[in-house]
Amino acid sequence: MAFIEANELVKTYRPKGAPVLRALDGLDLSVPEGTVAALLGPNGAGKTTTVKVLTTLIRPDSGSATIDGVDLLADPQAIRRMSGASGQYAAVDENLTGFENLLMVGLLYHLGRREATRRARELIELFDLVEAQNRPVKGFSGGMRRRIDLAGALVINPPVLFLDEPTTGLDPRSRLALWDVIESLVDGGTTVLLTTQYLEEADRLADSISIIDAGRVIAEGTADQLKASVGGQRVAVTVVDDAQVAPAREILQRYGTGPAATDGDRTVVAPVADGAAALARIMADAADAGITLHDAGMRRPTLDDVFLQLTGHAAEGDDEETAA
Numbered sequence: 000m001a002f003i004e005a006n007e008l009v010k011t012y013r014p015k016g017a018p019v020l021r022a023l024d025g026l027d028l029s030v031p032e033g034t035v036a037a038l039l040g041p042n043g044a045g046k047t048t049t050v051k052v053l054t055t056l057i058r059p060d061s062g063s064a065t066i067d068g069v070d071l072l073a074d075p076q077a078i079r080r081m082s083g084a085s086g087q088y089a090a091v092d093e094n095l096t097g098f099e100n101l102l103m104v105g106l107l108y109h110l111g112r113r114e115a116t117r118r119a120r121e122l123i124e125l126f127d128l129v130e131a132q133n134r135p136v137k138g139f140s141g142g143m144r145r146r147i148d149l150a151g152a153l154v155i156n157p158p159v160l161f162l163d164e165p166t167t168g169l170d171p172r173s174r175l176a177l178w179d180v181i182e183s184l185v186d187g188g189t190t191v192l193l194t195t196q197y198l199e200e201a202d203r204l205a206d207s208i209s210i211i212d213a214g215r216v217i218a219e220g221t222a223d224q225l226k227a228s229v230g231g232q233r234v235a236v237t238v239v240d241d242a243q244v245a246p247a248r249e250i251l252q253r254y255g256t257g258p259a260a261t262d263g264d265r266t267v268v269a270p271v272a273d274g275a276a277a278l279a280r281i282m283a284d285a286a287d288a289g290i291t292l293h294d295a296g297m298r299r300p301t302l303d304d305v306f307l308q309l310t311g312h313a314a315e316g317d318d319e320e321t322a323a
């Protein structure tokens with residue numbers, strides 16, 4: 000049995016004056032012990048709802064789930080004792096210091112003051128917060144807040160960790176530092192379920208990726224397996240002017256084997272059968288049309304391409320779940 004197992008999870012909401020929202024629609028998930036599983040999907044796909052169900056914050060309408068063999072619905076208290084969670088926004092008391100926040104979490108878990116103090120100091124060092132540990136969190140930078148929040152999720156040294164977009168809003172340096180921490184946790188045997196809007200994050204961290212759309216898993220595998228599933232080469236061109244995006248898309252569509260899509264502000268990408276020949280024709284047609292290219296080239300499929308082909312959406316942040 001997998002460490003995290005979910006079968007046919009269904010969760011619906013009934014907003015006033017709006018149609019029923021089916022946030023989860025028979026979702027299945029299986030995560031082996033000591034691995035990182037990433038959940039990816041467009042806005043409203045059901046990623047955050049999945050995390051909320053697995054952390055016992057909400058109950059599913061139907062379906063079942065276990066963590067390390069413990070039934071989530073039958074024994075939610077046991078699930079909470081073995082789980083750590085860090086959401087999209089740091090859940091810390093801004094008026095307490097970093098050390099006091101971690102100490103408080105330890106006391107709430109009934110570790111005892113001595114053990115809670117020892118664990119707080121250990122985590123302060125692990126997350127490189129020694130110099131800031133006695134400052135109120137309200138004076139922390141965004142990256143420091145994310146670190147103290149993740150540290151709080153690790154106070155009880157949980158065997159399973161749920162991370163809902165843990166690096167949202169962080170600068171690249173802070174993001175890399177958190178990736179290092181997550182990798183070290185997994186090396187130590189922690190099982191991690193991660194939702195993210197950053198495809199490079201899933202590419203680096205995840206042992207397996209589940210792509211969710213409309214509340215169910217529509218594809219899963221390693222990053223390489225998913226990229227291979229869409230096949231072929233891609234031509235990508237970046238135009239200088241926003242007004243040239245549409246005509247550039249028309250040209251790529253002309254020579255592509257599938258739909259051309261915008262990937263970034265002024266970059267258009269299309270799958271092609273013969274990369275070199277297609278690129279030459281596209282550049283020639285762009286020149287004839289007076290389109291100025293900032294960049295043009297061939298590349299292998301990326302997770303973005305997987306997203307576009309499987310869901311029809313580019314990958315983006317998940318704001319589905321204001322209600323969910």
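For what it's worth, numbering that gives the first Met the number 0 labels the leading residue of the sequence shown as 0, then goes sequentially.
Where is the CB? At the ideal position from N, CA and C, for every residue including glycine.
Predicted model, so just to flag it, every value in this text is computed and none were measured.
### Query
How many whole angstroms separate the CB atoms of Leu204 and Val180, which I take to be in contact at a CB cut-off of 8 Å?
The sequence position of residue 204 within the sequence shown is 205, counting from 1. The sequence position of residue 180 within the sequence shown is 181, counting from 1. Their Cβ separation, rounded to whole angstroms, is 11 Å, which puts Leu204 and Val180 out of contact at 8 Å.
### Message
Helix, strand or coil, according to DSSP, for Ile281 in the structure here?
### Response
Working through the sequence shown from its first residue, we reach residue 281 at position 282. Secondary structure of Ile281 (DSSP, three-state): helix.
### Nonlocal neighbours in the same chain, by C-beta distance under 8 Å from Val305, ignoring five residues either side
Translated into the one-based positions of the sequence shown, residue 305 becomes position 306. Closer than 8 Å at the Cβ level, and outside the excluded window around Val305, lie Ile210, Ala218, Leu225, Lys226, Ser228, Val229.
### Nearest residue (CA-CA) to Gly257, options Gln232, Ala279, Ala275, Asp294
Residue 257 sits at position 258 when you count from the first residue of the sequence shown. When the alpha-carbon of Gly257 is set against those of Gln232, Ala279, Ala275, Asp294, the nearest one is in Gln232.
#### Entry: Burial state of Thr291 (16 or more Cβ within 10 Å)
Here residue 291 corresponds to residue number 292 of the sequence shown, with the count starting at 1. So Thr291 counts as exposed.
#### Entry: For Val69 and Val35, the rounded distance between their alpha carbons
Counting from 1 along the sequence shown, the entry for residue 35 is found at position 36. Counting from 1 along the sequence shown, the entry for residue 69 is found at position 70. Whole-angstrom Cα-Cα distance: 20 Å.
### Task
Entirely within the region 25-67 and at least 3 residues each: give me those beta strand (DSSP E) ranges in chain order.
Contiguous beta strand (DSSP E) elements confined to the region 25-67 occur at 35-39, 61-66, taking only those with 3 or more residues.
### Task
Report the residue from Gly40, Ala1, Phe2 whose alpha carbon sits nearest the alpha carbon of Gln196.
Walking along the sequence shown from the start, residue 196 turns up at place 197. For the residues Gly40, Ala1, Phe2, the minimum Cα distance to Gln196 belongs to Gly40.
#### Entry: Ile3 to Ala77 span [Cα, whole Å]
Position 4 of the sequence shown holds residue 3. Position 78 of the sequence shown holds residue 77. C-alpha separation (whole angstroms): 14 Å.
#### Entry: Stretch-stretch touch, CB-based, cutoff 8 Å, three pairs: the region 246-254 with the region 279-296
Using a Cβ-Cβ distance cut-off of 8 Å, the region 246-254 and the region 279-296 are in contact, since at least three pairs of beta carbons, one from each stretch, lie closer than that value.
### Message
Considering only their Cβ atoms, is the gap separating Ala64 from Leu5 smaller than 9 Å?
### Response
In the sequence shown, the residue the question calls residue 5 occupies position 6. In the sequence shown, the residue the question calls residue 64 occupies position 65. According to the sequence provided, residue 5 is Ala. The question's Leu does not apply to it. Yes, the Cβ-Cβ distance between Ala5 and Ala64 is below 9 Å.
### Task
Measure the alpha-carbon distance for Gln134 versus Ser173 and round it to whole angstroms.
What you label residue 134 is simply residue 135 of the sequence shown in a count that begins at 1. What you label residue 173 is simply residue 174 of the sequence shown in a count that begins at 1. First, the residue type needs correcting, since residue 134 is Arg and not Gln in the sequence shown. Rounded to whole angstroms, Arg134 to Ser173 spans 19 Å at the Cα level.
### Task
Select from Asp170, Leu169, Asp206, Arg118 the residue whose C-alpha is nearest the C-alpha of Val185.
As a first step, residue 185 is located in the sequence shown; it is residue number 186 there, counting from the start. Checking every option, the nearest Cα to that of Val185 belongs to Asp206.
### Query
For Pro270, which three-state DSSP category applies?
Within the sequence shown, residue 270 is the residue found at index 271, counting from 1. Strand at Pro270.
#### Entry: Of the listed residues Val154, Leu38, Arg298, nearest to Arg79 (C-alpha basis)
Position 80 of the sequence shown, counting from 1, holds the residue named residue 79. Nearest C-alpha to Arg79: Val154.
### Query
With respect to the beta strand (DSSP E) encompassing Phe139, which residues constitute its N-terminal and C-terminal limits?
On the sequence shown, position 140 is the one that residue 139 refers to. Run containing Phe139: none; DSSP gives neither H nor E here.
### Residue range of the beta strand (DSSP E) that includes Glu4
Within the sequence shown, numbered from 1, the residue matching residue 4 stands at position 5. Segment 3-12, the beta strand (DSSP E) holding Glu4.
#### Entry: Distance CB(Leu38)-CB(Ile208) smaller than 9 Å
Here residue 38 refers to the residue found at position 39 of the sequence shown. Here residue 208 refers to the residue found at position 209 of the sequence shown. Against a cut-off of 9 Å, the Cβ pair of Ile208 and Leu38 comes out as a contact.
### Query
Who are the near neighbours of Asp354 in its chain, counting only those whose CB is closer than 7 Å to its CB and skipping five residues on each side?
Since the displayed the chain opens at 0 and closes at 323, residue 354 lies outside it and no answer follows.
### Task
Grab the span of the alpha helix (DSSP H) containing Phe98 for me, first residue to last.
The residue labelled residue 98 in the question sits at position 99 within the sequence shown. 97-107 is the span of the alpha helix (DSSP H), which, as asked, contains Phe98.
### Message
Just to confirm before moving on: does the CB-CB distance between Thr194 and Thr47 stay below 9 Å?
### Response
Position 195 of the sequence shown holds residue 194. Position 48 of the sequence shown holds residue 47. The answer is yes: Cβ separation under 9 Å.
### Query
Under a Cβ-count criterion, where at least 16 other Cβ atoms within 10 Å of its own Cβ denotes burial, should Glu199 be classed as buried or exposed?
Numbered from 1 along the sequence shown, position 200 holds the residue referred to as residue 199. With fewer than 16 Cβ atoms within 10 Å of its Cβ, Glu199 is classed as exposed.
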